Amino acid sequence: MKTLFKSYNSIINISFAVFAFSFLPANAQEVTLYSHRHYEADDKLYEKFTKATGIKVNVVKASADALIERIKAEGKESPADLLIAADAGRLVRAQDAGILQSATSSKLEKQVPKNMRDEEGHWYGFTVRSRVLIYSKDRIKPSQLSTYEDLADPKWKGKLLARSSSNIYNQSLLASIIANNGKQGAAKWAAAVRKNMARPPEGSDRDQMRAVAAGIGDVAIANTYYVGLLVNSSNPKDREVAEKVGVFFPNQSGRGAHVNISGGGVVKWSKNKANAIKLLEFLTGSEAQNQFPVTTYEFPLEVSSTDSPLLKSWGKFKADSLALSELGKLNAEAVKVFALANWK
Amino acid sequence: MPKGLLNINNQRFSSFWWWLSAAFIAVVLFSPLTVVLSSLFKAPGEGWELITEYLLVDYILGTIIMTLGVGLTALFLGVGSAWIITVWDFPCKRFFSLALLMPMAIPTYVMAFGYSFVKYDIRDPLMLFIKNNWGAVIMSQSNEIFNYGLAILILSFALYPYVYIAARVGFSEISGTYIENSRLLGRGLFRSMFSVGLPLARPAIVGGLLLAVLEVMNEYGAMTYYGIETLTTGIFVSWTDLGDKDSAVRLAAVAMVFVLLLIAIERLLRGRAKFHAHRSSSNNLSGPTRTNAGAVMAFLFCFILFTVSFALPVINLCIDTLHGWEKSKLTDLIKGPLIDSFIVSSIGCLGIVIAALVISYAARLFPTIFMKSITKLCMLGYAVPGAVVAISILVYFSGMGSFLSEFLGFGSLTSLFFTLTPAGLIIAYFVRFMTPALAPIEAGMIRINASMDEASSMLGRSSWGSFFNVHLPLLRFPLFGAMIVLFVDILKELPLTLVLRPPNIETLATTSYGLIQKEERIADGSFPALILVLTGTLAVLALHILIRKRIVNK
Chain A
43 MKTLFKSYNS IINISFAVFA FSFLPANAQE VTLYSHRHYE ADDKLYEKFT KATGIKVNVV
103 KASADALIER IKAEGKESPA DLLIAADAGR LVRAQDAGIL QSATSSKLEK QVPKNMRDEE
163 GHWYGFTVRS RVLIYSKDRI KPSQLSTYED LADPKWKGKL LARSSSNIYN QSLLASIIAN
223 NGKQGAAKWA AAVRKNMARP PEGSDRDQMR AVAAGIGDVA IANTYYVGLL VNSSNPKDRE
283 VAEKVGVFFP NQSGRGAHVN ISGGGVVKWS KNKANAIKLL EFLTGSEAQN QFPVTTYEFP
343 LEVSSTDSPL LKSWGKFKAD SLALSELGKL NAEAVKVFAL ANWK
Chain B
366 MPKGLLNINN QRFSSFWWWL SAAFIAVVLF SPLTVVLSSL FKAPGEGWEL ITEYLLVDYI
426 LGTIIMTLGV GLTALFLGVG SAWIITVWDF PCKRFFSLAL LMPMAIPTYV MAFGYSFVKY
486 DIRDPLMLFI KNNWGAVIMS QSNEIFNYGL AILILSFALY PYVYIAARVG FSEISGTYIE
546 NSRLLGRGLF RSMFSVGLPL ARPAIVGGLL LAVLEVMNEY GAMTYYGIET LTTGIFVSWT
606 DLGDKDSAVR LAAVAMVFVL LLIAIERLLR GRAKFHAHRS SSNNLSGPTR TNAGAVMAFL
666 FCFILFTVSF ALPVINLCID TLHGWEKSKL TDLIKGPLID SFIVSSIGCL GIVIAALVIS
726 YAARLFPTIF MKSITKLCML GYAVPGAVVA ISILVYFSGM GSFLSEFLGF GSLTSLFFTL
786 TPAGLIIAYF VRFMTPALAP IEAGMIRINA SMDEASSMLG RSSWGSFFNV HLPLLRFPLF
846 GAMIVLFVDI LKELPLTLVL RPPNIETLAT TSYGLIQKEE RIADGSFPAL ILVLTGTLAV
906 LALHILIRKR IVNK
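These protein sequence lines map, in sequence, to chains A and B.
Using our numbering, the first residue of the first sequence is number 43, and each one after it goes up by one.
Using our numbering, the first residue of the second sequence is number 366, and each one after it goes up by one.
In structure tokens, the structure reads:
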């Protein structure tokens with residue numbers, strides 16, 4: 043009995059080394075997702091998938107970090123087949139934690155652009171969002187805007203709005219700036235942008251746009267699909283906000299606007315790997331790709347190939363072609379840079 | 366064999382079972398938390414240096430401002446309203462004595478959302494005015510102060526009922542003759558509160574206050590909503606942003622130390638005084654006072670408090686629900702989240718109360734330092750953020766589960782805990798919510814005069830006999846009270862439920878949180894939130910009837 047209480051680590055090590063029979067019957071007709079995505083529209087897609095293939099989809103929705111911890115703890119007994127995150131950085135973190143496995147199919151390789159998947163197939167993107175500048179149509183002309191880097195200019199003092207640096211979208215944006223301008227350049231940028239902010243970071247991307255509409259600041263950093271959510275909100279005040287702001291894709295004459303993905307990777311201990319791959323193929327396939335711009339206002343993997351009038355109204359844009367796996371690798375660096383810049 | 370055994374009870378064997386069960390429960394509840402505490406003795410993670418250098422001071426400052434701010438405001442609102450209702454007679458008094466409990470049914474994130482209009486319709490125009498007159502720097506600072514103030518108010522609205530209940534029960538225990546004597550000696554009702562009411566009801570009030578303050582320490586949603594940094598938000602920063610779980614757990618340990626300090630302060634405030642009720646004296650106030658001016662003031666105080674803490678946010682929810690009415694699917698909600706919520710909440714609250722009874726009775730039988738420490742250890746889970754409890758439970762029980770399934774040679778216990786049944790989730794509720802059960806039951810135990818035990822024992826009853834025939838009947842009010850509070854608490858619970866639930870399980874809280882907070886699909890999310898609040902309100906109604914009964918029965 044002594045060993046029982048000796049240390050948790052040893053208990054876990056011993057237990058994971060030993061084969062443990064699962065109560066779960068191996069059911070070929072199901073697939074279990076651990077998903078960070080919370081959209082109801084996703085559930086509808088899963089229903090379509092079930093109708094088309096007969097494979098039942100089970101879902102646990104929670105934050106990606108919690109789900110990664112859960113898979114780590116459950117180990118080989120984890121019921122999870124597919125981990126879905128709303129950011130490439132989190133997928134890389136899951137990959138680094140060793141809880142994803144390589145899964146390849148010719149369909150996936152064809153449907154997902156190279157910079158939006160892991161080289162060895164540990165994860166694949168299935169929707170794209172761009173982090174752009176949202177400006178006040180009343181006070182700012184698009185010609186005044188140019189690049190992310192320009193936001194560090196003192197002319198923006200007291201005019202910028204952005205959410206907390208603990209938000210992964212900001213971290214990935216900064217990671218892309220580190221990748222392009224180096225760590226020192228990024229540190230200077232973050233500190234200058236923080237000094238130019240109209241108020242300390244708070245609230246969601248939507249709150250930044252609301253503050254632009256209210257006149258608290260003039261330019262906000264936000265993801266494109268949030269504009270779509272405001273435009274289609276049931277709340278008339280939100281629709282009013284959407285009227286007052288414009289979307290600007292920065293760095294168009296350079297590397298292009300920063301983009302990121304929602305994506306999924308097959309879990310190392312998946313008991314339904316084939317089904318998990320089928321679901322990924324479905325999510326990256328044309329039916330789902332046509333759905334995302336309409337239901338969640340995200341871009342499809344081929345950002346220019348959408349019929350959505352709203353997404354088209356923002357105009358064509360050039361997307362940064364940086365391999366998204368870089369965002370994950372530079373994430374820790376980005377978090378440190380934010381802390382030093384006092385960007386809470 | 367433990368020392369207390371020889372002193373209090375002759376029937377050692379039966380008493381020993383109490384000791385053993387309590388110790389067992391304590392081990393089960395506390396051991397997952399050792400995952401947290403052990404982090405203090407491990408080398409810190411990579412992020413720790415960054416945290417201590419740049420962030421920790423802000424975290425601690427934010428935590429202190431928020432706990433002090435909400436603590437004092439909730440104390441004022443809770444004790445004030447409870448005293449008014451105890452001693453004054455005014456219109457709608459019966460209604461308010463119930464209505465002031467109702468905010469308990471509103472989760473803090475729903476409360477924060479209900480007040481989001483303040484952010485957009487009051488604060489932003491005000492800030493714009495400040496910016497235009499005094500510039501962006503002053504605006505930025507005022508914005509931060511405004512946010513702190515608003516967050517303190519909103520959390521106080523959601524949490525003062527903990528103090529209110531405790532104070533009502535506390536005041537009801539005070540013999541009416543004390544208050545009457547104070548009045549006869551020329552003190553007004555207001556001054557009597559300070560000279561008689563507060564000192565006598567102190568242990569109950571401080572217990573309620575402690576619950577409210579711990580809830581503040583644990584708050585995540587409302588804090589990030591207003592850009593306020595506390596130890597809890599810091600835990601998430603270091604866990605999810607820095608990817609440094611060790612530092613996160615280390616911060617949780619700092620938070621635990623903070624809480625231990627609070628508990629120690631509570632003990633200090635309670636002092637050595639013993640608070641036994643004097644059963645011989647008349648407990649009824651011979652008719653509360655009524656003066657016109659006083660009645661108007663009392664009515665206004667209660668009316669305003671009820672409006673801001675319940676009516677306003679709930680009316681907002683109703684309006685939003687109507688906006689999205691065609692879309693909401695009542696049957697889906699009943700079949701899924703409503704039933705799931707009921708199952709986990711019922712099992713949870715029943716189990717936790719039984720465990721709390723065992724512990725507090727064992728602590729009474731054996732008033733040893735060991736037993737006292739066990740009681741305190743069981744309360745620690747309330748101090749640790751839900752997400753950290755969740756991770757500790759996962760790490761601990763999946764390790765234990767795998768070990769046992771190997772040891773005993775049958776199927777996987779891990780999937781039994783987390784995939785096939787909500788067992789892991791329910792255990793997590795035990796770890797998290799032992800405090801709201803133990804606090805009132807312990808307070809109830811303390812008020813049972815020790816001479817009762819002695820009498821019962823002398824008349825030949827075993828510890829079991831005394832428990833069932835003497836203590837249980839006397840404890841039925843705090844017992845039912847604790848059960849209702851727990852039911853509502855579990856109904857509202859988010860972080861544990863999100864992380865530990867089996868696949869395809871949604872509670873009312875997870876559904877409404879996902880829709881409101883994550884998707885900002887307010888019209889759709891308001892309906893489950895409303896059902897959650899109404900269900901909670903029904904439970905609170907039961908609690909109210911209980912308190913009334915108790916007061917009338919005296």
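Glycine is no exception: its CB is placed at the ideal position from the N, C-alpha and C atoms.
Note that the coordinates shown come from a computational prediction; the quantities given were computed from them, not determined experimentally.
- Rounded to the nearest angstrom, the gap between the Cα atoms of V336 (chain A) and S350 (chain A) is 6 Å.
- Taking a Cβ-Cβ threshold of 7 Å, the residues of chain B close to R135 (chain A) are G608, in chain order.
- Residue-level contact by beta carbon fails for V435 (chain B) and chain A, as no gap is shorter than 7 Å.
- In this chain, the beta strand (DSSP E) harbouring L75 (chain A) covers E72 to S77.
- Looking at the DSSP output, S172 (chain A) bridges to A:V301.
- With fewer than 16 other Cβ atoms from the protein chains shown falling within 10 Å of its own Cβ, M823 (chain B) counts as exposed.
- B:M799 is the residue among B:Y480, B:L385 and B:M799 whose C-alpha sits nearest the C-alpha of C714 (chain B).
- One thing to note: D606 (chain B) has its Cβ no nearer than 7 Å to the Cβ of G410 (chain B).
- Within chain A, the residues placing a beta-carbon under 8 Å from that of G592 (chain B) are S206, P242, P243, E244, G245 and K386, ordered along the chain.
- Contact between A720 (chain B) and F795 (chain B) holds: CB atoms are separated by about 7 Å, below the 8 Å threshold.
- Nearest CB-CB separation between D107 (chain A) and chain B: below the 7 Å threshold.
- Looking at the backbone, the Cα of E161 (chain A) and that of G434 (chain B) are separated by about 52 Å.
- Taking the Cα of L75 (chain A) as reference, the smallest distance to any Cα among A:Q333, A:K320 and A:G224 is reached at A:K320.
- Exposure of W690 (chain B) is indicated by the presence of fewer than 16 other C-beta atoms within 10 angstroms of its C-beta.
- The beta carbon of V864 (chain B) sits closer than 7 Å to some beta carbon of chain A.
- At least one beta carbon of chain A lies nearer than 7 Å to the beta carbon of M492 (chain B).
- For H80 (chain A), the nearest CB of chain B lies under 7 Å from its own CB, placing it at the interface with that chain.
- Interface criterion met: the Cβ of R112 (chain A) is under 7 Å from a Cβ in chain B.
- For A234 (chain A), the closest C-alpha among the options A:N209, A:D138 and A:A204 is that of A:A204.
- Under the Cβ criterion of 7 Å, H909 (chain B) is not counted among the residues facing chain A.
- Pairwise C-beta distances place the segment 131-147 of chain A in contact with the segment 106-120 of chain A, as three or more of them are shorter than 8 Å.
- Measuring C-alpha to C-alpha distances from L863 (chain B) to each of A:E151, A:A104 and A:I176 identifies A:A104 as the nearest.
- Taken atom to atom, the span from the alpha-carbon of V835 (chain B) to that of E819 (chain B) is near 11 Å.
- Here K857 (chain B) is buried: its Cβ has 16 or more other Cβ atoms, across all protein chains shown, within 10 Å.
- Annotation for N265 (chain A): the continuous beta strand (DSSP E) segment containing it runs V261 to N265.
- Under the Cβ criterion of 7 Å, P121 (chain A) is counted among the residues facing chain B.
- Using a Cβ-Cβ cut-off of 8 Å, R252 (chain A) is close to Y485 and D489 of chain B, given in chain order.
- If you check the CB distance, G305 (chain A) and A240 (chain A) do not come in under 7 Å.
- In the DSSP assignment, Y166 (chain A) is bridged to A:R159 and A:G306.
- Under a 10 Å Cβ-count criterion, N657 (chain B) is classified as exposed, with fewer than 16 other Cβ atoms of the shown protein chains found around its own Cβ.
- With the criterion set as a beta carbon lying under 9 Å from some beta carbon of chain A, the members of the segment 416-434 of chain B are I416, E418, Y419, L420 and D423, in sequence order.
- Rounded to whole angstroms, the gap between the alpha carbons of R841 (chain B) and L908 (chain B) is 12 Å.
- Put simply, the backbone Cα of G572 (chain B) is about 8 Å away from that of P805 (chain B).
- Among the residues of chain B, none has a CB under 7 Å from the CB of T189 (chain A); the nearest is roughly 23 Å distant.
- For R248 (chain A), the residues of chain B that pass the 9 Å Cβ criterion are E885, in the order they occur in the chain.
- The straight-line gap separating the alpha-carbon atoms of G659 (chain B) and T598 (chain B) is approximately 43 Å.
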